[in-house]
Every structure is written in C-alpha cells, then in structure tokens.
C-alpha cells in the first residue's frame, strides 16, 4: 500500500481570495503564478464566466515543503466549530513567559491582518500554553 506524502488543505468560505490572502500572510505562503496564457490573475479572472469569478484561490509554500491550501466558495456560512483546525507552531521549544511573549507577538501580527483573538489556554502539567484564534471568516486555529 502506498504512503501519501503530500496533501492539500481545503477551506470552504464565502470569499476565497480574502481568506487565502490572510493565510498567505499568516504562513508566508504565496499564490501560484497565473495560468498559461495570462499575465495576471486579474486577466484570468476576467476571462471566466461571471458566476465562476472569485470562486477559488490557492496558496502554496514557496519552498515546496508545506501543504498546498485551496479555498473554495460555498453558499452556506460557517455555523459551528471547526472539526479540524490548523496549529501555527510559533512557540515550539519555548516555555513559560518566553512562550507567552511569542504567542502574543504573533497574535498581534495576525490581528492586524484581520484575525480575532480567542481564549488563551495557559500551560498545565500536560500541555504548554496556546492561543485560540479565528481567521477573517471565523475559522478557528491555534497559535501553539
């Protein structure tokens, strides 16, 4: 049985480009080059039927290591907690006040991009501190 090495993370959302550009900034990802025959994404978008324009967006790790992210427009809004979420590993190896400072600095940066802060979960005997957040459309993620 083959082992899967690459996978894509897909987000259902109302505004794929807005959510995708948030995650590009959050993770240092980039949109791909426009399709062959188009100098810009705007030119490609204008070539599509009106109902297809802005219906999807992709983001990729510029180093080709991280998973590709795909954002697709869906008609329904988010109504309940995510069953899966991303953890941005900003505090790996840090503990105590140093970890809290790293989480806070990243939270402030992402809030400036449109994220909202959730609950700060402080370290206990099993887990280090983490900061719950939401992206520009309310999708939960953690700063870990």
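In the working numbering, the protein residues as written are 977 to 1120.
Here a beta-carbon is modelled for each residue, glycine too, at the ideal position from N, C-alpha and C.
Note that this is a predicted model, so its numbers are computed, not measured.
The beta strand (DSSP E) runs of length 3 or more contained entirely in the segment 1029-1090 are, from start to end of the chain, 1032-1035, 1044-1049, 1062-1064.
Residue 1097 is bridged by DSSP to 1106. In the DSSP secondary-structure assignment, residue 1116 is bridged to 1110. Per the coordinates, the alpha-carbon of residue 1008 lies some 15 Å from the alpha-carbon of residue 998. The C-beta distance from residue 1067 to residue 1120 rounds to 6 Å, short enough to meet the 8 Å contact threshold. In the three-state DSSP reduction, residue 987 falls in the strand class (E or B).
As the crow flies, the alpha-carbon of residue 1098 is around 11 Å from that of residue 1108.
For residue 1021, the three-state secondary structure derived from DSSP is helix.
A contact is defined here as three or more CB-CB pairs under 8 Å, and the segment 1012-1026 fails this definition with respect to the segment 1034-1041.
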